[in-house]
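Per the working numbering: the sequence shown = residues 56 to 313.
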Amino acid sequence: MERRPTSGPFTPVLQVLTGLLGALSFGTGVFAVFVTQNGTGTAVLLTFGGVLLVFGLLGNRVESFEVGGSTLRLRAAAAERFALAEESEERGDTAEAAQLRLEAQALLQAAGPIAADYRSVRGSMRPGRERTRAMEAVMSQARRLAAEQEFEPGQVLRWLREGSDEERITALAMMQARRELRNFDAALGAVEDSHSAFEEYQAMRLVEQMADDLDAAQLRRLADVIRAGQRTRLLRDTDRWRLGENILRRVDAHADSR
């Protein structure tokens, strides 16, 4: 959901220029990571570019601004990790530096095609089976990314709780793929207060996967949310209704076994 620009020193033109300058600085810094030994200069480029990117985003609070939005925030987070990697390497902690660079590269991958593809599919295709299949393909990209790269659970959690639609979908896919990234409260919140029917379905798939790891109190909360959804918004003979029924059967099975 987009927010309208607020009054302030950042005009739209200035925001665009700031974002572009930040992207240029950050991109130069990423390139320098691999071709130069000047760690301090590289860290400055990355940090400066990340700060400008954040200013380009926060100037008018537009969450889905093309130069900024989710892509910009992910790149800013990647810039921070690249800078921290340089600091770790200067301290002699090469293992931590390598891990931080892996995390930064993963963030850059999440910032690019996944978010852009999801936004493009939702914006260009009419609702229906074909669009759902196309969005499922984007989810598969995010699941593969989570399986192949290391992500900080706290970062993925922030995407789901505070992020744009693209970030939320990416977080749900990653949590589906990696058990250690999951958070029950956030996943249940996505079921209860989803931004779209597709997001609700993916959140329901996630909590269904988590059912075996939930305690009795969590299972009761899950059942209550699913039943409330069936009473208010889930239509019979839909994928979400059927998935909800499957979740309730699993909850009842766990209750019977205890």
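By construction, the Cβ of each residue, glycine as well, lies at the ideal position given by its N, Cα and C atoms.
N-terminal and C-terminal residue of the alpha helix (DSSP H) that residue i is part of
i       : result
Ala-266 : No alpha helix (DSSP H) holds Ala-266; DSSP gives it neither H nor E.
Asn-301 : 294-311
Phe-239 : 239-247
Leu-289 : That residue, Leu-289, is in no alpha helix (DSSP H); it is neither H nor E in DSSP.
Gly-183 : Run containing Gly-183: none; DSSP gives neither H nor E here.
Glu-217 : 208-217
Glu-221 : 220-232
Beta-carbon spacing of residue i, residue j below 9 Å
i       : j       : result
Ala-266 : His-309 : yes
Arg-216 : Gly-244 : yes
Arg-295 : Ala-252 : yes
Glu-135 : Ser-143 : no
Proximity test, residue i beta-carbon vs the ligand GDP heavy atom, cut-off 8 Å
i       : result
Ala-228 : Of ligands this structure carries none, so the ligand GDP is not represented either.
Integer Cβ distance of residue i from residue j, believed to fall under 8 Å
i       : j       : result
Glu-158 : Glu-207 : 6 Å
His-250 : Arg-213 : Not quite, the Cβ-Cβ distance comes to about 16 Å (not below 8 Å), so this is no contact.
Leu-269 : Ala-242 : About 10 Å separates the two Cβ atoms, so there is no contact after all.
Gln-204 : Phe-239 : Between Phe-239 and Gln-204 the Cβ distance is about 23 Å, and since that is not below 8 Å, they are no contact.
Arg-291 : Glu-263 : So it is not a contact: roughly 19 Å between Cβ atoms.
Length of the line joining the Cα atoms of residue i and residue j
i       : j       : result
Asp-307 : Ile-169 : 36 Å
Gly-299 : Gln-285 : 8 Å
Leu-277 : Thr-293 : 19 Å
Thr-322 : Asp-279 : Here the chain covers residues 56 to 313 and nothing more, so residue 322 does not appear.
Leu-303 : Ala-140 : 46 Å
Arg-275 : Ile-281 : 10 Å
Gly-183 : Ala-138 : 44 Å
Glu-247 : Ala-202 : 27 Å
Ala-192 : Arg-146 : 42 Å
Ala-271 : Met-190 : 34 Å
Thr-187 : Asn-301 : 20 Å
Ser-312 : Asp-148 : 49 Å
Met-180 : Tyr-256 : 19 Å
Gly-218 : Val-176 : 18 Å
Ala-283 : Gln-154 : 43 Å
Arg-297 : Glu-254 : 16 Å
Asp-172 : Gly-209 : 24 Å
Val-211 : Leu-236 : 7 Å
Leu-289 : Arg-156 : 43 Å
Glu-185 : Arg-174 : 15 Å
Does the region 186-198 come within contact of the region 220-236, defined as at least 3 CB pairs closer than 8 Å?
-> Yes, they touch.
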